[in-house]
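First up is the structure itself, then whatever we jot down about it.
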């Protein structure tokens with residue numbers, strides 16, 4: 006599942022995601038997830054969604070991620086605006102068509118474009134990936150985070 010996340014500081018995907026420009030990282034980032042476990046990135050890649058500015062496309066890949074997170078912050082810092090209203094989320098970037106996400110039954114902003122176009126081919130995690138204690142952001146945790154939001158939030 007790919008989720009548009011207003012609480013994530015970067016785009017964080019599973020190493021199983023098939024994304025372009027995948028490279029092993031020489032400078033892993035450390036992320037503490039909702040259950041207080043720390044996970045480390047092993048690769049970077051590019052989010053190939055047309056219309057998203059190039060400076061907002063860097064994705065960090067983690068073996069321990071079960072859900073993929075597209076972060077609001079890099080998008081807004083690149084000049085995109087995001088509006089959540091009712092069950093529809095809309096990303097509007099300069100010189101681009103609007104990109105939509107929908108509130109799913111678990112209360113998460115599901116980003117279907119990734120599921121349909123970006124992740125149709127899943128690759129196994131590389132064997133050279135360091136072993137990390139399994140950890141993931143659960144749909145229940147994301148639902149709780151988004152339940153703290155109002156019906157309409159503009160970024």
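Numbering (the numbering used here), first residue to last: 6 to 160. Note that beta-carbon positions come from the ideal geometry of N, C-alpha and C, so glycine has one too.
Residue i, DSSP secondary structure in three states
i, result
"residue 68", "coil"
"residue 137", "Summary for residue 137: the model assigns pLDDT 35, below 50, so the residue's position carries little reliability, and this model does not support an answer."
"residue 81", "helix"
"residue 111", "coil"
"residue 117", "helix"
"residue 60", "helix"
"residue 94", "strand"
"residue 54", "coil"
Assumed close pair residue i, residue j - CB separation to whole angstroms, cut-off 8 angstroms
i, j, result
"residue 43", "residue 37", "5 angstroms"
"residue 24", "residue 52", "7 angstroms"
"residue 117", "residue 106", "7 angstroms"
Beta-carbon proximity check, residue i vs residue j, cutoff 8 angstroms
i, j, result
"residue 13", "residue 74", "yes"
"residue 66", "residue 22", "yes"
"residue 84", "residue 58", "yes"
"residue 46", "residue 30", "yes"
"residue 11", "residue 56", "no"
Residue i beta carbon near the ligand FMN (any heavy atom closer than 7 angstroms)
i, result
"residue 81", "You won't find the ligand FMN in this model; it holds no ligand whatsoever."
Alpha carbon of residue i to alpha carbon of residue j, nearest angstrom
i, j, result
"residue 108", "residue 19", "21 angstroms"
"residue 32", "residue 87", "30 angstroms"
"residue 72", "residue 26", "20 angstroms"
"residue 81", "residue 15", "12 angstroms"
"residue 111", "residue 60", "31 angstroms"
"residue 69", "residue 6", "14 angstroms"
"residue 96", "residue 41", "30 angstroms"
"residue 99", "residue 54", "14 angstroms"
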